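Our numbering applies: residue 91 is where the sequence shown begins, and numbers increase by one. From the three backbone atoms N, C-alpha and C, an ideal C-beta is built for every residue, glycine too. Just so it is clear, the structure is predicted and the values come from calculations on it, not from any experiment.
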Amino acid sequence: MLKTIRKPFGYEPIINKEDIKGPGRKKKERASDWKSVLHRIWKLVDEQRGLLITVLALVFISSALTLLGPLMIGQIIDIHIIPMTFGGLAGKIGSYAHLGNAST
């Protein structure tokens, strides 16, 4: 199927690519019991278990805080900006900007 490719200076490979049978050619084995796989992984991270739990907790907190920003912006737009009620947060931002300009 694949022909050997001639290399520079007339060198030809000894083994044809069709003849190579390595671990990459075999079908990968799939784990049938996930509980035992997770148990084995849990044993491997025994020394760093506290650090792993801390990192997973921080990833969860970071993801939650990342979602909180757009949610807050949506609430500000829906509650204050669209109905034009500037007595809330938008009013505070406007008054702060006014005070900043008045002092100069």
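Rounded to a whole number of angstroms, what is the C-alpha to C-alpha distance between residue i and residue j?
{"i": "residue 169", "j": "residue 156", "result": "21 angstroms"}
{"i": "residue 138", "j": "residue 131", "result": "12 angstroms"}
{"i": "residue 164", "j": "residue 146", "result": "28 angstroms"}
{"i": "residue 154", "j": "residue 162", "result": "12 angstroms"}
{"i": "residue 126", "j": "residue 151", "result": "28 angstroms"}
{"i": "residue 166", "j": "residue 121", "result": "49 angstroms"}
{"i": "residue 158", "j": "residue 171", "result": "19 angstroms"}
{"i": "residue 144", "j": "residue 119", "result": "32 angstroms"}
{"i": "residue 123", "j": "residue 133", "result": "16 angstroms"}
{"i": "residue 129", "j": "residue 140", "result": "16 angstroms"}
{"i": "residue 160", "j": "residue 173", "result": "19 angstroms"}
Would you mind stating whether residue i and residue j have Cβ atoms separated by less than 7 angstroms?
{"i": "residue 142", "j": "residue 149", "result": "no"}
Could you give the DSSP three-state label for residue i: helix, strand or coil?
{"i": "residue 168", "result": "helix"}
{"i": "residue 160", "result": "helix"}
{"i": "residue 139", "result": "helix"}
{"i": "residue 154", "result": "helix"}
{"i": "residue 147", "result": "helix"}
Looking at chain B, is there any beta carbon in it that lies within less than 7 angstroms of the beta carbon of residue i?
{"i": "residue 163", "result": "No chain B is present in this structure, which holds just one protein chain."}
Would you give the residue range spanned by the alpha helix (DSSP H) that residue i belongs to?
{"i": "residue 126", "result": "124-134"}
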